[in-house]
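Worksheet: the structure to be examined is printed underneath.
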Amino acid sequence: MVFAAIASLLLVAFLSLSTLSVVGVHGPLYDEIMKGSDYHADILPPPNYIVSAQLHALEACNYLKSGDLAKAQRRLQQIEQERQAYYERYRHWQEHMTNAQIREVIQTRSHPPAERFFKVVDAELRPAVASGNGRVADAIAAKLNQMFEQHEAGILEAVRLSEAWVKETETRAEGILRARRTLLWALVILAAGVMTVISIISVRNSRAVVDALNALNHAFEQLKNGNLTYRIPVQGNGYLEQALRKYNQGIDELTNALNQTRQTAKLVLGGIQESASGVKQLAGDAHEMGDAVSQSAEGVRHIAQEIERIAESVRQVQLAAQEVAQGAENTAQSSNRGVDQVNHINRLIQSAFTQLGQAEDAAIQASQMTSEGRQAMLRSEQVMQAIESQTEQTAREVQQLAEMSAAVSKIVYKIEDISRQINLLSLNAAIEAARAGEAGRGFAVVADEVRRLAERSAHSSQEIQAILEQVVEKTNEIVQAIQQNLEIVQEGGAVSQQVAANMQAVLSKVDGITQQTQESVQMMQQVLQASEEMLAEIEQIAAIAEQSSAASEQMLASAETTSDALQQIAAISEQAAATADQTNTIVANQIKVVESLNRTTSEAAAHVEKLMFSLGRFQLSDEETFEEKIMTFKRAHLKWVERVERMVHHGEMIPRDQLVSHKKCALGTWYYSVGQQQFGHLPEFQAIEPPHERLHEIAAQAVEAMEKGQRERAEQLLEEIRGVSQEIVSWLDKLYTRVTVSETRQAA
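Below is the structure:
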């Protein structure tokens, strides 16, 4: 009985295989049907059908006629893209089309008008747009319409032939199937009785295997789509149930690891952003300190100029005092000339009194400016202390960043270990499938798919590890830069303290000069009073002359003392100016270090964001809403606009390795996997792809323009990026509104 059943099954299998070889998948008839269906599906939509090129050409003619040449040029660029796509599909079907009639229709009826269409675009429309000749727009549009109608007629004929070809092939396949079906039924009925008994015995065992395979297949499908929330429902304690439980445990471990990685990445990103804020504040303090130091240097130079003026006044006082002494001696020797000499002395004393008044005002002003300079240096010292404190805080935060990166690295190693466990599970599943025989063949395919998924997970873990190594490297660079910045800040603080001490010495000297000048003014008042008494009492000229001589000698000594003090002040002022210049140089170096630290922090933030985007393609919990994904995509593209703006306006170049394609970014990864399956039928979802692809192209062009030094071109591309990014954000909002409204209606 068993042998009869086996013989019947072998015969059925032979007939089935022979039938499938002809009409089955990848058989001759199957290939003909699929080619006909593929061509039928490919010919009507663009690019095999130049309807899009026709539409762009008519729009270009309308823009040419209205004088909007910029839009007409953009339509010509789109026509060129449609032309390339058309010729690619034309060459494809010339190579793969096996139906002679359809190939002849393509070559003789649909392709020649399309060629003439593109030639008219190149020979007439493009030059007309370049010259702005709108008068020929209608004539060109008429020619293009005529050629498009001829092309359309050929396309429709090819569609008719392809439909007939598919129907004819399907009829042949049905005839073969009917001929074989009768024989197969006879054999099936013969074997049915035998197989019924065998089936009753094996159905109980095979049903459990099939159910387990179906459940595991569904779980792998969810895993492939990035859904890590699905768990296989398991009942019983058999071997298959244990394997399914191990799968659930592995997914739990993977979910926990990815959750920890995402949380750690968020913490790292928050730390980097906080560090960036501190660096910006540090840069502002450094600029403020530089301004204060520059102001101090300017004040010191102004003090030096005032001191030179005071010294000149003191020299004039010395000359006047010498003349007074000489006049007093002459008056004592010759009283006959007393009246004239006293009048001369009176004039000289009046001039000296005026000059000493000016010297007193200059000394007071110098004292005030010196005090202001000292206040500025004290403020500079406070700023340096604040910068030192902020730098130490930044160093601690960067150290925390390094510790977080180490934690992420451990989690990545854990993910690699989980991937190896999943790989071992897939090998065990393959062994069990081999034991199950024919019923386990599908399970073997699924196990192989699991193995590939495990390898991909391991590869992704290696990529994440590489990113983490870059983060650690950048963190070490930040620590070195902060250490260098701290040393510079400490040096600047020491210099500021030295300048403050020098300014205090200058202030003391200036106060002494002011006091001595006031004493000189009082002396000159006494001399002036003595001169008036000489004029009133000519008989006392000799005594008054002696008093004048003594007072002049005393004033000369005071003037010499004042001159020495002024020389000391001038030397101190020069030293203070040199110290201020040195401080200014140190502050400039510090600003450069802070700017370098800011760039390094931005690069580290970009690497962490890339890690978060890689994790974003997995759904780790049911609480992860569609709104969160939409907000993540919107922030990502607005962030790209900010990076391009910094590149164009501040010279912060974007590395080439970060210019991924529109299919490899966070939005693209979701769009072409989970998003396509869930929302691919929605027009709002379909409208996202063109501007998204264009955004990545423009960003690459902007980087290339900046590398070539074409800043104006980069600014133009930046404006275009802003518009395209807003369009993407708008479509994301519309998609979110469409999905949420649909869910609300279904709930109601």
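Adding 6 to a residue's 1-based position in the sequence shown gives its number in the numbering used here.
Where a beta carbon is used, it is the ideal one built from N, C-alpha and C, also for glycine.
What span of residues does the alpha helix (DSSP H) with residue i cover, start to end?
i	result
ARG237	Neither: ARG237 is in no alpha helix (DSSP H) and is coded neither H nor E.
GLU634	632-656
MET712	695-713
GLN83	75-102
GLN60	57-72
LEU673	672-676
GLU121	117-126
VAL680	Unbroken run through VAL680: none, as it is neither H nor E.
GLU690	689-692
GLU110	106-111
VAL666	That residue, VAL666, is in no alpha helix (DSSP H); it is neither H nor E in DSSP.
VAL135	132-137
Give the straight-line distance between the Cα atoms of residue i and residue j, rounded to the nearest whole angstrom.
i	j	result
VAL31	ALA435	Bear in mind that a pLDDT of 48 at VAL31, under 50, signals an unreliable position, so the number given afterwards is only what the model happens to contain. In a straight line, the C-alpha of VAL31 is about 27 Å away from that of ALA435.
ASN265	GLN255	15 Å
TYR92	THR746	39 Å
GLU629	ILE421	Reliability of the predicted coordinates at GLU629 is poor, the pLDDT of 46 falling under 50, and the value obtained from them is presented with this limitation in mind. Spanning the two alpha carbons is a distance of roughly 22 Å.
GLU469	THR750	40 Å
GLU726	ARG122	33 Å
LEU70	LYS125	18 Å
THR397	GLN496	11 Å
THR3	HIS98	It is not possible to answer for residue 3, since the shown part of the chain is limited to 7 through 754.
GLU741	VAL666	It is worth fixing the name first, because residue 741 is Leu in this sequence and not Glu. Those two C-alpha atoms are separated by around 24 Å.
ALA392	GLN489	16 Å
LYS635	TYR678	14 Å
GLN752	PHE685	16 Å
ARG649	ILE85	32 Å
ASP663	ALA706	11 Å
MET653	PRO661	11 Å
VAL414	THR235	22 Å
SER395	ASP258	45 Å
ALA147	GLN113	24 Å
Between the Cα of residue i and the Cα atoms of the options, which residue gives the shortest distance?
i	options	result
ARG700	GLY674, GLN682 and LYS714	GLY674
GLU539	GLU444, ASN349, ILE660 and VAL477	ASN349
ALA63	ALA143, HIS117 and PRO119	ALA143
LEU325	ARG649, SER357, GLU304 and ASP346	SER357
ARG115	LEU61, ALA711, ARG458 and GLU163	GLU163
ARG315	LEU260, GLN371 and ALA148	GLN371
GLY363	GLN521, TRP171, GLU690 and ALA225	GLN521
GLN486	GLN732, GLN504 and GLN405	GLN405
HIS465	ASP423, LEU431, GLN707 and ILE85	ASP423
ILE694	GLU658, ALA711, PHE639 and VAL650	PHE639
GLY138	GLN79, PRO118 and SER168	GLN79
PRO689	TRP737, TRP646 and LEU644	TRP737
ARG426	ARG441, ARG458, GLY448 and ALA500	ARG458
ALA445	GLY160, GLN528, VAL216 and GLY657	VAL216
ARG89	ARG385, ALA66 and TYR55	TYR55
GLY657	SER168, GLU713 and ALA145	GLU713
ARG766	ARG81, GLU94, PRO133 and GLN535	The chain is shown only over 7 to 754; residue 766 falls outside these bounds and no answer can be derived.
ALA400	LEU430, ILE484 and GLN374	The question names Ala, yet the displayed sequence has Thr at residue 400. The residue with the shortest Cα to Cα distance from THR400 is ILE484.
THR360	GLN528, LEU430 and PHE632	GLN528
Just mark residue i as buried or exposed, buried being the case when its beta carbon has 16 or more other beta carbons within 10 Å.
i	result
GLY443	exposed
TYR419	exposed
MET637	exposed
PRO239	exposed
PRO119	buried
VAL8	With a pLDDT of 47 at VAL8, under the threshold of 50, the modelled position of this residue cannot be trusted; read the value that follows with caution. Exposed is the call here.
MET659	exposed
HIS224	exposed
Kindly list the residues whose CB is nearer than 7 Å to the CB of residue i, restricted to its own chain and excluding five residues on each side of it in sequence; keep chain order.
i	result
LYS416	none
ILE704	LEU723, GLU726, ILE727 and VAL730
GLY140	LEU70, LYS71 and GLY73
ARG251	VAL240
Excluding the five sequence neighbours on either side, which residues of its own chain have a C-beta within less than 6 Å of the C-beta of residue i, listed in chain order?
i	result
PRO697	VAL730, GLU733 and ILE734
ASN105	TRP171
GLU475	none
SER463	SER425
Give every residue of the same chain whose Cβ lies closer than 8 Å to the Cβ of residue i, excluding the five residues on either side of it in the sequence, and list them in chain order.
i	result
ASN220	none
ALA711	ARG717, ARG719, ALA720 and LEU723
Under 7 Å: does the beta carbon of residue i sit that close to some heavy atom of the ligand MG?
i	result
ARG251	Among the ligands in the structure shown, none appear at all, so the ligand MG cannot be discussed.
Any beta carbon of chain D sitting closer than 8 Å to that of residue i?
i	result
THR177	The structure shown has no chain D; it contains just one protein chain.
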